[in-house]
Every structure is written in structure tokens, then in C-alpha cells.
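Undergrad: With the first letter of the sequence shown counted as 1, position 71 gets the number 70 in numbering that gives the first Met the number 0; the numbers rise by one all the way through.
There's a structure below that I have some questions on.
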Amino acid sequence: MHIYSIKTAGHAHLDAARAVMLDTVYRDFGTGYVPRWHGDIIDPVSAYLLPARHTLLVALDPDDGDVVATGALDSRGPAHPPNPRHLAERYPSGETAQLRRVYVRPGHRRRGLARRLVEELLAFAEADGGYRSVYLHTDPAVPGAEAFWRSIGKVVHDEREDPGGGNGVVHFEIPMGR
0 MHIYSIKTAG HAHLDAARAV MLDTVYRDFG TGYVPRWHGD IIDPVSAYLL PARHTLLVAL
60 DPDDGDVVAT GALDSRGPAH PPNPRHLAER YPSGETAQLR RVYVRPGHRR RGLARRLVEE
120 LLAFAEADGG YRSVYLHTDP AVPGAEAFWR SIGKVVHDER EDPGGGNGVV HFEIPMGR
């Protein structure tokens, strides 16, 4: 059994963390890098390391120290557009901890890494003291993503039920203080 270590990302982890994230958007999402959606992947320092209320975590393989998973949190609520207006109003920036980039390399999945990353991110949000909710959205086409998030959060909006299917994204809230 692998015992992964979870750490706050430092500059030494950034290239490997960026590789995990980019591999995920190309392989699992099939979109590739889209600047308006993925700018934080290219510049994680500005997105996660510098702002005091933001963080980027990495999971390290105990055998070789490679970064095999990532998880991030920031204080930006969902923007409208592309997200529905009622979600942008319900989860305003500054009061909302948004989970982002919870990605695990395929060879390391099904080992509890994503759940551990989320627990650490929730602890970070709670310690901040200024967040009143935790929000995220996911692409249900990614294998296992929707079931994972349903196991720890509640659906607050499923765009597949919108006229025309919206962007096909499912939006979740995760209770704080779980």
C-alpha cells in the first residue's frame, strides 16, 4: 500500500503539478489547454501560491517523490457567464472557497488521494475563517468524477437538466465542518 504525502506546493513542485493538470485537461477533458478556463494551470504562482487565502496541494508518490495528484482552492466564486447567474449570486467571490484542479494521475486513482486532498482543502478553508461555503463544478463526462463529488457534496445545479443542456456541468456544494 502506498502512503502518499500531501504537501502545500512550493516552487519546486510547480512543473510537475502543471504536468498533472495539463495531462488531465488533454486526456480526461479532451479540451486541451483553453486560456480562459485554464490560465491558473500555466501561472499557479499568481493563482494559488501568492494570494493568502488560496492554496495548491500536491500528493507525492512515496517511492520516487513524483507529483501524482493536485488539488487547489481559491476565493473566486463561479463567474457568470459561463455559469448560471443564480450560482454566481449564491456563491460570491470572497465568501466562497472554490475547489479546483483535484486531479489524480490514472495509475494512482482509487487509492483515496482525491478524498485526502479534499479533506486538506476543506481544513484550509475552515482555518481561513472567512469562507461561508465551498463550491465546485465538474464535468460528468470524466470517468468517476460525478460519483466522487456526489459522495461528499450535494448537487446545487445540474446543467444537463437546463433547456439545451447548458454546458453539461454539474455544480456542487460541500458542507464545511464535515
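Yeah, the Cβ is synthetic: ideal placement off N, Cα and C, and Gly gets one too.
For His-170, count neighbouring C-beta atoms within 10 Å of its own C-beta (all shown protein chains included) and say buried if the count is 16 or more, exposed if not.
TA: With 16 or more other Cβ atoms within 10 Å, it is buried.
Undergrad: Determine the closest residue to Ala-71 out of Val-44, Arg-100 and Asn-82, with distance taken between C-alpha atoms.
TA: The shortest C-alpha separation from Ala-71 is found at Arg-100.
Undergrad: Relative to the C-alpha of Pro-81, which residue among Leu-98, Val-57, Gly-167 and Met-175 is closest?
TA: When each option's Cα is compared against that of Pro-81, the closest is Gly-167.
Undergrad: Out of curiosity, what's the CA-to-CA distance linking Ala-87 and Gly-128?
TA: When rounded, the distance between both Cα atoms is 21 Å.
Undergrad: Taking the continuous beta strand (DSSP E) assigned at Glu-172, which residues delimit it?
TA: First-last of the beta strand (DSSP E) with Glu-172: 169–173.
Undergrad: Let me know the secondary structure DSSP gives Tyr-25 once reduced to three states.
TA: Tyr-25: helix per DSSP, three-state reduction.
Undergrad: Assuming Ile-173 contacts Leu-121 (C-beta within less than 8 Å), just tell me the rounded distance between them.
TA: 7 Å between Cβ atoms; contact.
Undergrad: Measure the CB-CB distance between Pro-61 and His-1 and report whether it falls below 8 Å.
TA: Cβ atoms of Pro-61 and His-1: closer than 8 Å.
Undergrad: Cα separation between Glu-119 and Ala-8?
TA: Those two C-alpha atoms are separated by around 13 Å.
Undergrad: Does the stretch 72–79 touch the stretch 45–53, meaning 3 or more C-beta pairs lie closer than 8 Å?
TA: Judged by Cβ distances under 8 Å, the stretch 45–53 makes contact with the stretch 72–79, as three or more pairs qualify.
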